[in-house]
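*Asks:* This is the structure I have questions about; it appears just below.
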Amino acid sequence: MYFAVSTQGVQATSQSAFPPIVKPPIRARSADGLEMYVTVSFQWKLEPQALNPLYYLLGEEGYDDAFVRFARSAIISTCSHFPADMYFTNRTIIIAAMLEDLERNFQLPDKGLQANIKGLQLQEVDLPDEFDVEIGQTQAQLQELEVAFAERVEKEVAMQTELLVSTQQVLGNLETQRGESEGVLELNQAEVDQLLLFQERQALANNAILQQFENDTQPFDRLFELMEVRLLGDHSSDNLMFSF
Numbered sequence: 001m002y003f004a005v006s007t008q009g010v011q012a013t014s015q016s017a018f019p020p021i022v023k024p025p026i027r028a029r030s031a032d033g034l035e036m037y038v039t040v041s042f043q044w045k046l047e048p049q050a051l052n053p054l055y056y057l058l059g060e061e062g063y064d065d066a067f068v069r070f071a072r073s074a075i076i077s078t079c080s081h082f083p084a085d086m087y088f089t090n091r092t093i094i095i096a097a098m099l100e101d102l103e104r105n106f107q108l109p110d111k112g113l114q115a116n117i118k119g120l121q122l123q124e125v126d127l128p129d130e131f132d133v134e135i136g137q138t139q140a141q142l143q144e145l146e147v148a149f150a151e152r153v154e155k156e157v158a159m160q161t162e163l164l165v166s167t168q169q170v171l172g173n174l175e176t177q178r179g180e181s182e183g184v185l186e187l188n189q190a191e192v193d194q195l196l197l198f199q200e201r202q203a204l205a206n207n208a209i210l211q212q213f214e215n216d217t218q219p220f221d222r223l224f225e226l227m228e229v230r231l232l233g234d235h236s237s238d239n240l241m242f243s244f
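Numbering-wise (the UniProt record's numbering), the sequence shown opens with residue 1 and increments by one.
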């Protein structure tokens with residue numbers, strides 16, 4: 001069954017006893033009240049057990065008009081539940097709901113109607129020109145918004161990268177300064193240790209010398225006397241000068 005402006009693309013049905021049904025696009029209204037013309041196509045297949053009851057109910061020539069009414073009713077009902085912009089943004093949901101409504105209208109066992117629906121296509125939705133213009137403007141604004149968002153993300157990434165580089169540089173400088181400070185501290189500690197060792201050895205030497213004279217009544221006089229003798233012994237005789 002086809003609700004379309006032209007018969008182009010209409011499938012031949014030589015293998016079926018029922019010729020294709022072709023009708024103009026269906027006039028409907030969206031949930032927000034906009035008038036639209038929808039182009040829809042689908043295939044239907046009667047269950048074998050429904051052939052006789054349907055023949056007695058509608059006759060040989062009356063089934064197509066009834067099927068058109070059932071299909072148009074389902075499609076108009078579906079269109080009334082969705083706003084106009086959704087036909088351009090999420091048509092998949094609309095098609096699923098339309099298929100459910102069609103199956104409900106074509107499955108009436110108590111009335112002798114049992115037909116399976118498949119191959120449903122919502123091919124075109126014709127809305128007023130004003131809405132088309134508004135849709136174009138909205139899409140342009142959305143594109144501008146996407147570009148602005150992409151630029152913002154790019155700037156944020158660049159700033160984060162710059163911040164990361166700066167942070168790494170600061171951490172590197174701190175690590176270098178820490179290393180230099182530790183080197184200075186180690187050098188100073190080594191000098192302090194050497195000085196303490198020298199002072200400790202000097203104190204031990206002085207103490208050993210003093211112990212040699214601790215029994216003398218005049219230890220310091222005795223010490224100076226030995227130092228004078230040692231000094232004269234170390235002095236070269238060539239350096240002595242006498243005047244007469």
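Note that CB positions come from ideal geometry on N, CA and C, so glycine has one too.
Going by DSSP, which residues form a beta bridge with Leu122?
*Replies:* In the DSSP output, where bridge partners are listed per residue, Leu122 has Val40.
*Asks:* Taking DSSP as the reference, what is the three-state secondary structure of Phe116?
*Replies:* This sequence places Asn at residue 116; Phe is not what is there. Looking at Asn116 - three-state DSSP - the assignment turns out to be strand.
*Asks:* Under the three-state reduction of DSSP, which class applies to Phe3: helix, strand or coil?
*Replies:* Reduced to three states, the DSSP call for Phe3 is strand.
*Asks:* In angstroms, rounded to a whole number, what distance separates the CA positions of Ser243 and Arg201?
*Replies:* With a pLDDT of only 48 at Ser243, under 50, the local geometry of the prediction cannot be trusted, and the value read off the model is given with reservation. Approximately 44 Å between the Cα atoms of the pair.
*Asks:* Out of Val125, Ile26, Val68, which one is the CA nearest neighbour of Pro20?
*Replies:* Answer by Cα proximity: Val68.
*Asks:* Given 8 Å as the limit, is there contact between the stretch 27-34 and the stretch 96-103, that is, 3 or more CB pairs closer than that?
*Replies:* These segments do not touch.
*Asks:* Applying the 10 Å Cβ sphere with the 16-neighbour rule, what's the burial state of Ser14?
*Replies:* Since pLDDT at Ser14 reaches only 45, below the 50 mark, its modelled position is unreliable, and the value read off the structure follows with that caveat. By the neighbour-count rule (16 or more Cβ atoms within 10 Å), Ser14 is not buried but exposed.
*Asks:* Across which residues does DSSP place Ile94 in a beta bridge pair?
*Replies:* Its beta-bridge partners do not exist; DSSP assigns none.
*Asks:* Is it buried or exposed, Gly36, if we count other Cβ atoms within 10 angstroms and call 16 or more buried?
*Replies:* What sits at residue 36 in the sequence shown is Met, not Gly. By the neighbour-count rule (16 or more Cβ atoms within 10 Å), Met36 is buried.
*Asks:* Taking DSSP's pairing of strands, which residues face Val22 in a bridge?
*Replies:* Tyr2, per the DSSP bridge assignment.
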